[in-house]
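Visitor: So that we are looking at the same thing, I have put the structure below in structure tokens.
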Amino acid sequence: MENKLIIKGAKIHNLKNVDLEMPKNEIVVFTGVSGSGKSSLAFDTIFAEGQHRYIESLSPYIRQFLGGMERPEIDEIQGLSPAIAIDQKALSHNPRSTVGTLTEIYDYLRLLFARLGYIYCPLCGSKIEKLSLEEMADIVIEKAKELKEKNVTILAPVVIGRKGEYDKLFYDFLGLGYSEARIDNKLESFTERLALSRYKAHTIEIVIDRIMTGEESRLFEAIENAITYSKGLVIAVFNEGKKDQKELILSSKWSCPKDNFSFPEVEPRLFSFNSPYGACPACSGLGKSDFFSEETCPTCQGKRLRPEALSVKIKGKNIYELTALPIG
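Shown next as structure tokens:
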């Protein structure tokens, strides 16, 4: 039974008390003339029962928001695994589309990698772990010594690549005692009227403090505040405003201790080649040198994604390697 799906007494639509056994973990094809019950068996019986069982496993509180779902008219189903249905629909010809995006399976994979993937440094290949407040401060101090720079500016990235005007955000931070932010790589003051385009994506990094690295207690406080406001991210800027300006992105979530490489956010959009957050910056997620070219992008080698996305793995494979596997 473990390797079989057993259906007894299916009576949906054109199915007349159908009994069926089929192997699991193999490709099974339903064929027949129009109206013979192929969709009734696949969608209205197998998938519907899978959805019903899933909803029944949720708490009564959650179920009240989902509404009732009738069980398919069937005597028994044994060996049913969690089910995903891919509906038939008209498809448009788009060079960005893949089998995964057209069937929407890729959306589930993006969520899977964002929640369960292991993160590796794209520079040295080491597994990336979370940084504590003390580790962040030590890294900033060591980097300052390396650069022979005594001053550091601590920024809190509170908005990363999102649309909006953010008037209330500026007002709130002004009330907290902060008066400057780096907005789209330009230093701006809250004391002046800031008119951001509502329809343009912005990155806003609040200037938390400018500190001498010898002031360790103040450095700790600035980093702690940045972590609080940005939900885990800190940017340390050395030689601010100069040609040799250097930056460190530190994360209380994921950061490589060997070369200080940090992931700003690991979320589903990181794995989307249709999003500027996840797409290869050289080809904008096309995988080709340009829209009309068949030449593979030399930066991503046709993988469409930025290095950070390709450095998140499940069982040793990144999302590109997984989707490139043959079926069966």
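Under our numbering, the first residue of the sequence shown carries the number 21, and numbering increases by one thereafter. C-beta: ideal position from N, C-alpha, C; glycine also.
When you compare each of Lys24, Ile106, Leu330 to Tyr297 by their alpha carbons, which one comes out closest?
Guide: On the sequence shown, residue 297 is found 277 positions in, with the first residue counted as 1. Considering only alpha carbons, the answer is Leu330.
Visitor: Going by the DSSP bridge assignment, what does Ile231 pair with across the sheet?
Guide: Residue 231 sits at position 211 when you count from the first residue of the sequence shown. Paired residues: Val172.
Visitor: Only counting the same chain, and skipping five residues up and downstream in sequence, which positions put a Cβ closer than 7 Å to that of Thr173?
Guide: Taking the sequence shown and counting its residues from 1, one reaches residue 173 at position 153. Counting only Cβ-Cβ distances below 7 Å, and skipping sequence neighbours, we find Val227, Arg230, Val257, Glu260.
Visitor: Less than 8 Å separating the beta-carbons of Leu189 and Val178?
Guide: Here residue 189 corresponds to residue number 169 of the sequence shown, with the count starting at 1. Here residue 178 corresponds to residue number 158 of the sequence shown, with the count starting at 1. Yes, Cβ-Cβ distance for Leu189 and Val178 is below 8 Å.
Visitor: Could you tell me whether the segment 192 to 204 touches the segment 118 to 131, using the rule of 3 or more Cβ pairs below 8 Å?
Guide: Short answer: they don't touch.
Visitor: Could you check how far apart the C-beta atoms of Ala176 and Phe240 are, in whole angstroms? I think they sit under 8 Å.
Guide: For the purposes of this step, residue 176 is identified with residue 156 of the sequence shown, where counting begins at 1. For the purposes of this step, residue 240 is identified with residue 220 of the sequence shown, where counting begins at 1. Actually they are not in contact, since the Cβ atoms of Ala176 and Phe240 sit about 15 Å apart, beyond 8 Å.
Visitor: Along the beta strand (DSSP E) that carries Ile97, what are the first and last residues, could you check?
Guide: Here residue 97 refers to the residue found at position 77 of the sequence shown. That run of the beta strand (DSSP E) goes 96 to 98.
Visitor: Can you tell me the Cβ-Cβ gap for Phe50 and Lys58, rounded? I've got them flagged as a contact below 8 Å.
Guide: As a working mapping, residue 50 is identified with position 30 in the sequence shown. As a working mapping, residue 58 is identified with position 38 in the sequence shown. About 4 Å; that satisfies the 8 Å criterion.
Visitor: Only counting the same chain, and skipping five residues up and downstream in sequence, which positions put a Cβ closer than 7 Å to that of Pro327?
Guide: The residue you call residue 327 lines up with position 307 of the sequence shown. If we look at Pro327 and ignore the five residues flanking it on each side, its Cβ neighbours are Pro142.
Visitor: Answer yes or no: do Ser56 and Asn23 have a C-beta to C-beta separation smaller than 8 Å?
Guide: Locating residue 56 in the sequence shown gives position 36, where the first residue counts as 1. Locating residue 23 in the sequence shown gives position 3, where the first residue counts as 1. No.
Visitor: Check the DSSP bridge columns for Ser271 and list the partner residues they point to.
Guide: Position 251 of the sequence shown holds residue 271. Partner(s): Leu253.
Visitor: Using DSSP's beta-bridge definition, name the partner residues of Lys36.
Guide: As a first step, residue 36 is located in the sequence shown; it is residue number 16 there, counting from the start. The partner list for Lys36 (beta bridge, DSSP) is empty, contrary to what the question assumes.
Visitor: Look at the alpha carbon of Lys147 and the alpha carbon of Cys276, and state the distance between them as a whole number of angstroms.
Guide: Your numbering for residue 147 matches position 127 in the sequence shown. Your numbering for residue 276 matches position 256 in the sequence shown. Cα-Cα distance, rounded: 7 Å.
Visitor: Decide if Ser292 is buried, meaning its Cβ has at least 16 other Cβ atoms within 10 Å, or exposed.
Guide: By one-based count along the sequence shown, residue 292 stands at place 272. By the neighbour-count rule (16 or more Cβ atoms within 10 Å), Ser292 is buried.
Visitor: Counting only the same chain and skipping the five closest in sequence on each side, list residues whose C-beta sits under 6 Å from that of Gln265.
Guide: Translated into positions along the sequence shown, residue 265 becomes position 245. For Gln265, where only same-chain residues beyond five positions count, the Cβ hits under 6 Å are Asn259.
Visitor: Buried or exposed for Arg182, going by 16 or more other Cβ atoms inside 10 Å?
Guide: Here residue 182 refers to the residue found at position 162 of the sequence shown. So Arg182 ends up on the exposed side.
Visitor: Looking at Val332 and Ile139, is the spacing between their C-beta atoms short of 8 Å?
Guide: As a first step, residue 139 is located in the sequence shown; it is residue number 119 there, counting from the start. As a first step, residue 332 is located in the sequence shown; it is residue number 312 there, counting from the start. Taking 8 Å as the Cβ cut-off, Ile139 and Val332 qualify as a contacting pair.
Visitor: So, for Asp64: in the same chain, excluding its five sequence neighbours on each side, which residues have a beta-carbon less than 7 Å away from its beta-carbon?
Guide: The residue labelled residue 64 in the question sits at position 44 within the sequence shown. The answer, listed in chain order, is Ile32, His33, Pro92.
Visitor: Using the Cβ count rule (16 or more neighbours within 10 Å means buried), how would you classify Glu96?
Guide: Taking the sequence shown and counting its residues from 1, one reaches residue 96 at position 76. Burial call: exposed.
Visitor: Under the three-state reduction of DSSP, which class applies to Tyr191: helix, strand or coil?
Guide: The count along the sequence shown starts at 1 and reaches residue 191 at position 171. In this structure, Tyr191 counts as helix in the three-state DSSP scheme.
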